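Each protein sequence line maps, in turn, to chains A and B.
So for the first sequence, the working numbering puts the first residue at 1; every next one is plus one.
So for the second sequence, the working numbering puts the first residue at 1001; every next one is plus one.
We put the CB at the ideal spot given by N, CA and C, even for glycine.
Note that this is a predicted model, so its numbers are computed, not measured.
What follows is one structure encoded as structure tokens, with my remarks underneath.
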Amino acid sequence: MRSSVLTTSISRLGLPLSIFGVSLLLLTLVLRLLLSPDRFPVRIGERVVRLSELTAEEARLRTKHAELLKTREALFDEKSVPILVRTEKLRTTALPIGPVLLRIDDIRRSFNSPGREPLSLPRLTFDSTSGILTLGGEMRDPGGRSIPLLASFVDALRKIPLLSSVSEPEYTQKTTAEGLTYTPFTLQLRFHTSHATPSI
Amino acid sequence: MPPLRFESRLPGIVFFIMGVVMTVISAGILLSHTRLFGLKRDTAIMIGTELPALQSKVTLLAAAVEAERVFTEQALASREELASSYIFPSGSPASRVVTSIQEIFSAVSILPGNESLVPPDIIVTKTPIEEKDFKAFPGTLQLRGSFAPVSRMLGVLSYGGQMMVRDVLSTETEQAFLAAVESVSPLALSGAEDFLYLDLLEYASNPDTSEQKFLRDIPTIHLPNIRALVLEGGLAEVRIALSPVAVHLKEKRIWPLPIVRIERVTREGDSWNVDFVAFGR
């Protein structure tokens, strides 16, 4: 009995409610179309601007910024400076042996103290085709610390950014007839392969 | 009113359900629209506050690019001329190479601690090896001296073919440098671009002063990072190799140095043998 009263009430309310629902939905859709946020101005500081103008202006400025960056990159016109372009190509085929030797000398001198130069590098070969620099020498130390000193030298060489690798030497300590300890070594230092010199 | 029969109640029930559904949909649309309004408003405020800075950045960049365009045309034209005469000359570069090496020796041998260096013997082949874009002139340099002065000589020689600060930096470093300057101080951009086109020997003669000219417009907090970019990019090596000999090279007018590619180096004691290739057009 109660359920039939409920369903009867629902059924009588149905048409008016559906008319209301349709009207509300239509009104909502119309409002959504007409009341777009882009149509309304926003106050920013002392200015009142429309959102569509702001977003368009931002997009325009970002595009212009990107174009200016591209223009700047293209300022070096290769066609107007053919000799500079060929010079640059030739330069890039050379391995930076000079700067590396200077860095090695810097490291070598860091081991010096007044009256003492423990690191000796009397043998050296460099071949640009293979990109390998071979150093032969010895680390001398009267206090018996030639091996840890050599290890520090190798570690310092490995920090030279122009080199891709430094080989591990044999750490053997020897003693001279006068009782001084030293460690002979041979190291292979490799340059980064992107610099490898094409042979003429 | 008497209750309706079920069959006659059915359409009404269907309408009721439809009405509820449409009301709920409308409510959902209204809610999302309200949220959209709020979001757009916040976006507008954010853009609005950033817009003046972006406008200023674009204006400064446009001015800098235009100034650089004019400067680049002039700078590159003069460098092209220098390159054609001194770096990559027409015909044999032998005389230029020999003179350059001798002057580098003079500059290095007078530095403290380099007294062991003996004047070098230099041979450059007269008959070149013809290649597609250049002529290669193999040569040999024989030196006597200790590690320090010879490595300095070879260090200076390695700057053959380079004229400007930007020649030392890679393209990636150059672009990272300009991007970093622009991001912290767009006003300093013009100075930074001038710095890249600065003559390398000029820089080596007074590296601190040269750097200061573009660094002065950069906020102090960003100075170490930007300076580190260019130093680690190659200018630290320039300071080590070229700065001690820059004045001498300037006085003797042997800058820019010709391109000399070192092919092989051998050392036994104080005797050094360096095989190299010089280039001509």
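Have a look at the DSSP bridge pairing and note the partners of residue i.
i, result
"Thr-1043/B", "Partner(s): none; Thr-1043/B has no beta bridge."
"Leu-135/A", "Leu-124/A, Leu-187/A"
"Lys-1135/B", "Glu-1130/B, Gly-1280/B"
"Val-1184/B", "None, per the DSSP bridge assignment."
"Met-1164/B", "Asp-1199/B"
"Leu-1141/B", "Ile-1122/B, Val-1274/B"
"Thr-181/A", "Asp-141/A, Thr-175/A"
"Leu-119/A", "Met-139/A"
"Ser-113/A", "Arg-116/A"
Could one say the Cβ of residue i lies closer than 8 Å to chain A's Cβ atoms, at least one of them?
i, result
"Leu-1157/B", "yes"
"Val-1070/B", "no"
"Leu-1169/B", "no"
"Gly-1161/B", "yes"
"Ile-1104/B", "no"
"Val-1230/B", "no"
"Gly-1012/B", "yes"
"Phe-1015/B", "yes"
"Ile-1087/B", "yes"
"His-1033/B", "yes"
"Val-1245/B", "no"
"Asp-1133/B", "yes"
"Ala-1053/B", "no"
"Val-1165/B", "no"
"Arg-1267/B", "yes"
How would you write the range of the beta strand (DSSP E) that residue i sits in, first residue to last?
i, result
"Val-962/B", "In the structure as shown, chain B starts at 1001 and stops at 1281, and residue 962/B therefore has no counterpart that could be examined."
"Ser-165/A", "163 to 166"
"Thr-1266/B", "1260 to 1268"
"Asp-1121/B", "1118 to 1124"
Measure from the C-beta of residue i to each C-beta in chain B and report whether the shortest distance is under 8 Å.
i, result
"Phe-111/A", "no"
"Lys-79/A", "no"
"Thr-197/A", "Per-residue confidence for Thr-197/A stands at a pLDDT of 39, beneath the threshold of 50, marking its modelled position as unreliable; the derived number appears in the next sentence. Output row for Thr-197/A: interface = yes."
"Thr-181/A", "no"
"Leu-189/A", "no"
"Ser-18/A", "yes"
"Arg-86/A", "yes"
"Val-154/A", "no"
"Thr-8/A", "yes"
"Ser-11/A", "yes"
"Ala-177/A", "no"
"Ile-200/A", "Interpretation of Ile-200/A is limited by its pLDDT of 35, a score under 50 that renders its predicted location unreliable; the figure taken from the coordinates is listed afterwards. Yes, Ile-200/A counts as interfacial toward chain B."
"Leu-68/A", "yes"
"Ile-107/A", "no"
Among the options, which one has its Cα closest to the Cα of residue i?
i, options, result
"Ser-1271/B", "Glu-1131/B, Ser-1151/B, Lys-1040/B, Ala-1094/B", "Ser-1151/B"
"Leu-189/A", "Thr-8/A, Thr-7/A, Gly-136/A", "Gly-136/A"
"Ile-1122/B", "Gly-1113/B, Pro-1149/B, Thr-1140/B, Phe-1088/B", "Thr-1140/B"
"Leu-95/A", "Thr-181/A, Leu-34/A, Leu-162/A, Glu-138/A", "Leu-162/A"
"Ile-1218/B", "Val-1230/B, Thr-1059/B, Leu-1189/B", "Leu-1189/B"
"Leu-1249/B", "Ser-1183/B, Phe-1279/B, Tyr-1203/B", "Tyr-1203/B"
"Phe-185/A", "Thr-63/A, Leu-13/A, His-192/A, Pro-148/A", "Pro-148/A"
"Asp-1133/B", "Ile-1221/B, Phe-1088/B, Ser-1032/B, Arg-1227/B", "Phe-1088/B"
"Gly-1145/B", "Leu-1169/B, Leu-1157/B, Pro-1138/B, Gly-1113/B", "Gly-1113/B"
"Gly-144/A", "Gly-98/A, Thr-181/A, Pro-99/A", "Thr-181/A"
"Ile-1254/B", "Thr-1043/B, Tyr-1086/B, Thr-1023/B", "Tyr-1086/B"
"Leu-987/B", "Asn-1206/B, Ser-1183/B, Gly-1234/B", "A question about residue 987/B goes unanswered here, because the residues of chain B that appear run from 1001 up to 1281."
"Arg-1227/B", "Phe-1195/B, Arg-1079/B, Met-1046/B", "Phe-1195/B"
"Gly-1155/B", "Gly-21/A, Leu-33/A, Gly-98/A, Thr-175/A", "Gly-98/A"
"Pro-1093/B", "Ile-1110/B, Phe-1137/B, Leu-1082/B, Ala-1075/B", "Phe-1137/B"
What are the boundary residues of the alpha helix (DSSP H) that residue i is part of?
i, result
"Pro-1207/B", "1207 to 1215"
"Asp-1194/B", "1189 to 1196"
"Lys-89/A", "82 to 91"
"Ala-1107/B", "1094 to 1109"
"Phe-1147/B", "1147 to 1157"
"Arg-103/A", "97 to 110"
"Val-154/A", "146 to 158"
"Leu-1223/B", "1223 to 1230"
"Val-1238/B", "1236 to 1241"
"Lys-1252/B", "Careful: Lys-1252/B lies outside any alpha helix (DSSP H) and carries neither H nor E."
| said: Three or more C-beta pairs under 8 Å: does that hold for the region 1173 to 1180 of chain B against the region 107 to 127 of chain A? | reply: no
| So does the region 1165 to 1174 of chain B actually touch the region 1051 to 1065 of chain B, counting three or more Cβ pairs closer than 8 Å? | In short, these stretches do not touch, since the Cβ pair count stays below three.
| message | Any contact between the region 93 to 109 of chain A and the region 1237 to 1244 of chain B? By contact I mean 3 or more CB pairs, one from each, below 8 Å. | response | Yes, they touch.
| task | Report yes or no: do the region 1196 to 1208 of chain B and the region 1159 to 1167 of chain B share at least 3 C-beta pairs separated by less than 8 Å? | result | Between the region 1196 to 1208 of chain B and the region 1159 to 1167 of chain B there are three or more C-beta pairs closer than 8 Å, enough to call the two in contact.
| query | Can we say the region 1214 to 1232 of chain B touches the region 1118 to 1135 of chain B, given the rule of at least three CB pairs closer than 8 Å? | reply | no
| query | Pairing CB atoms from the region 1154 to 1161 of chain B with CB atoms from the region 1256 to 1267 of chain B, are three or more of them under 8 Å? | reply | The region 1154 to 1161 of chain B, when compared against the region 1256 to 1267 of chain B, does touch it at the 8 Å Cβ threshold.
| message | Below 8 Å, how does it come out for the region 2 to 14 of chain A and the region 1011 to 1019 of chain B: are there three or more Cβ pairs, yes or no? | response | Of all C-beta pairs linking the region 2 to 14 of chain A to the region 1011 to 1019 of chain B, three or more are shorter than 8 Å, placing the two stretches in contact.
| query | Any contact of the region 1065 to 1081 of chain B with the region 1228 to 1238 of chain B, i.e. 3+ C-beta pairs under 8 Å? | reply | The region 1065 to 1081 of chain B vs the region 1228 to 1238 of chain B: no contact.
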